[in-house]
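Last residue of the sequence shown: number 410 in this note's numbering, and the count goes up by one each step with no gaps. Note that the Cβ used here is the ideal one computed from N, Cα and C, for glycine as well. Since the structure is predicted, the reported quantities are computational estimates derived from the model, not experimental observations. The block underneath contains the structure these notes are about, expressed in structure tokens.
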Amino acid sequence: MDLSKNKVIHICLTLLLFAAFFSACKKEELIHENVTIPDNIPPGQDGVSDLKLNSYVNNLYIDMFGRAPTEEELSEAKTTLKDNNYNETSREDIITGIMSSYDYYKNINVLTSQKMLVSIDSLTIQYEIDLYEYTIYIAELTGDSVAVFYYEYYLEKLVNLRDASVHLYNSSITINEYFKRYVDNIFYDDVNMGSENFVVSCFENLFHRQPTDDEMQSGIAMVDGEASMLFLVQGNSKDAFINIVGNALEFSQGQVLEAYQTLLARDPSSYEMNEYALQIQETGSFNEMKIDIFKSEEYAGF
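Following this line, the structure appears as structure tokens:
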């Protein structure tokens, strides 16, 4: 009788153990059940999510146009990327398409004006041009040829400044000439009055550094009309000084430094500095450098 009772107890315990085991298995299965999270955007097969694509295209338009893309622009760019597995060629196609628009050069103009002319706009420049043209007209009526020559000299610089972005867009000037126009006008002189301030500002804006004592002395002497040498080039006028600093290799290095600090938030490596500074010096354009930056994994994030 006791033996039968023990068997019954043994059977009951066995059943309880099986029940506990299957219950644990069911709980384990529930833990790994697939759950759909609302509004969650999964990445594509290659791991590039819509969030990353949106961020990349938005950054491109903001950095090149100064604005976010329209819904149509965003959609077209994302389609181009997805259809080509997000490769560098598809990125470059989008970038060169944006760069082919005059809006890209207008944005360069706005940023340069903010930095170097304290946001002087095109209307202010045109007003000054109209004023000079009227002054020349009056001088011609009175037969004042000296005044005509004087005002025409400064009028030409203003017209060059006004047309700088258009000329850069149609490739009739280099990036060197573009920036030289921004330091060679009455607005820049008003912001940086005096020979010393002018020399210092040119080094800061074009080279992103202060001049050495020797460079300062040579630059001031040259701007004041004295024969002097800067970067192993002789000059004796303000125009000569502008040409020397605008054509120097260090100008190209300054463009590389600014692009890397602005777009990648870091300084370029020695290799990057040398490669792109020489490229700018040879081509007179910084677009190829910027294309390489914009299409890089470092900038894109994928």
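Query	Result
Sequence-distant residues of the same chain with beta carbon closer than 7 Å to N192, five excluded per side	S198
Proximity to L189 [Cα-Cα], best of N355, D201, M224, Y379	D201
Simplified DSSP state of M337, which is helix, strand or coil	strand
Any non-hydrogen atom of the ligand FMN within 7 Å of Y296 CB	Judged by which ligands are present, the structure shown has none, so any question about the ligand FMN falls away.
Rounded separation between A272 and S208 - CA only	16 Å
Pick from F339, D332, E334 that is closest to P319, judged by C-alpha positions	F339
C-alpha distance - S393 paired with E196, whole-angstrom precision	21 Å
Sequence-distant residues of its chain with Cβ nearer than 6 Å to L276 (five each side left out)	Y213, Y286
Residue interval of the alpha helix (DSSP H) (run including A272)	272-277
Stretch pair the stretch 306-313 + the stretch 239-249: three plus CB contacts closer than 8 Å	no
Rounded C-alpha distance that separates I233 from S253	24 Å
Bounding residues of the alpha helix (DSSP H) (the contiguous stretch that carries A373)	It is not in any alpha helix (DSSP H) - A373 carries neither H nor E in the DSSP assignment.
Counted within 10 angstroms of its Cβ, other Cβ atoms place E236 as buried (16 or more) or exposed	buried
Which residues DSSP lists as bridging G343, in chain order	S336
Which of helix, strand or coil DSSP assigns to L225	coil
Status (buried if at least 16 other CB within 10 Å, exposed otherwise) for E390	exposed
Supposed contact pair Q361 and M381 - C-beta distance, whole angstroms, cut 8 Å	6 Å
Rounded separation between Y279 and F410 - CA only	Note that residue 279 corresponds to Ser in the displayed sequence, not to Tyr. Their Cα atoms are separated by approximately 32 Å.
Stretch pair the stretch 342-354 + the stretch 322-334: three plus CB contacts closer than 8 Å	yes
Minimum C-alpha distance to G205 - residue among M172, F311, A356, G302	M172
Cα-Cα separation between L386 and L269, rounded to whole angstroms	26 Å
Limits of the alpha helix (DSSP H) - the one that T204 falls within	196-207
Three-state class that DSSP yields for R289 in the structure shown	helix
CB contact flag (N284, N395, <8 Å)	no
Under 8 Å between C-beta atoms of A408 and Y169	no
Test item: CB-CB of Y290 and T370 under 8 Å	no
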